[in-house]
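Each residue of the sequence shown is one higher than the one before, starting from -18 at the first, in the numbering used here.
Each residue gets a CB set at the ideal place from its N, CA and C atoms; glycine is no exception.
For clarity, every value in this text was computed on a predicted model and none was experimentally measured.
What follows is a set of notes on a single structure, which appears directly below.
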Amino acid sequence: MTAAPASADRRRTTLLRVATATWLLLISAVVLIDHVALSDLAEQAETRAPGAQVAVLEGRLADLAEQVQLIRRQPAAVAQARYDTEHQAVTQRLADIELALDERLVASDLRPLQDRLAHLEARQAQRPISQAAPRPPAPETPRPKPAGPSFQLLGVELRADERFLSIRPHGASALSQVRLLRVGEEKDGWRLESIEDGSATFHRAGEQLRIAVPAHQGGSR
């Protein structure tokens, strides 16, 4: 009577152990399958993320290339300030694109983008700049020298303690054509301002002219 219950207990214990081991194996299998599935999903995410970022960056590069083409189709000569503004905008966009590159992108993915960026930067640097040529200084119009009087100076004569300037028209030789001018009088618009030693000063229409007088002085009469 005692041997039968003991045998039944041993069988029950063995079954429990087998069931427990089977349950542990099932749980381990489920955990392993979940781990493999999660690893696959992570690898797919890491593989797709660079491709999506590359597509976005290529779209930005296409827009940037189109902008450069529009700029190149404009007239070659642009103002320096406008060139600086456009160059700064393009440079900023290039910097934004470089900052947008994710660390997960491998070198083989970045190389084509870097080449295109370098090409665009080189084309932008070759953009002709129009320098405003400085205007040449306006040539100074030489002031016309005042035309000399229509008469020649013969000398200074002293009459009654007053000095007179003897003049005669150019080309004339007759004594009757000699005229005496005192200070304040004028001839053909030329007004005698002063008589100095060796020169006489005339004034006409805002112009002043000093003329040498021959060293001849007549006596008083």
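Check whether the Cβ atoms of residue i and residue j lie closer than 9 angstroms to each other.
i: ARG160; j: ARG172; result: no
i: PHE145; j: ASP169; result: no
i: GLU102; j: LEU75; result: yes
i: LEU45; j: ILE78; result: yes
i: LEU190; j: GLY136; result: no
i: THR182; j: GLU188; result: no
Tell me where the beta strand (DSSP E) around residue i begins and ends.
i: PRO150; result: 143 to 150
i: LEU156; result: Where LEU156 is concerned, there is no enclosing beta strand (DSSP E), given that its DSSP letter is neither H nor E.
i: ARG116; result: Here ARG116 belongs to no beta strand (DSSP E), and DSSP marks it neither H nor E.
i: ALA193; result: 188 to 193
For residue i, name the three-state secondary structure that DSSP assigns.
i: VAL137; result: strand
i: SER180; result: strand
i: ARG172; result: strand
i: ARG(-7); result: helix
i: GLU166; result: coil
i: ALA57; result: Residue confidence for ALA57 is low, a pLDDT of 49 falling below 50, so the modelled location carries little weight; the figure read from the coordinates is stated next. Three-state DSSP puts ALA57 in coil, outside helix and strand.
If you compare alpha carbons, which of the options is closest to residue i?
i: LEU139; options: PRO150, ARG104 and ILE176; result: ILE176
i: HIS68; options: GLN95, LEU42, ARG104 and LEU94; result: ARG104
i: THR72; options: LEU98, LEU94, ARG163 and LEU51; result: LEU98
i: LEU134; options: PRO120, PRO118, HIS151 and GLU143; result: HIS151
i: ASP96; options: THR66, LEU42, LEU80 and GLU47; result: LEU42
i: HIS100; options: SER147, ALA153 and GLN50; result: GLN50
i: SER157; options: ILE148, VAL37 and ALA193; result: ILE148
i: ARG163; options: PRO117, LEU(-4) and ASP142; result: ASP142
i: LEU94; options: LEU5, VAL37, ALA(-11) and GLU121; result: VAL37
i: GLY179; options: ALA153, THR66 and VAL194; result: VAL194
For the ligand ADP, is there a heavy atom less than 8 angstroms away from the beta-carbon of residue i?
i: GLU67; result: In terms of ligand content, the structure shown is empty, and the ligand ADP therefore cannot be addressed.
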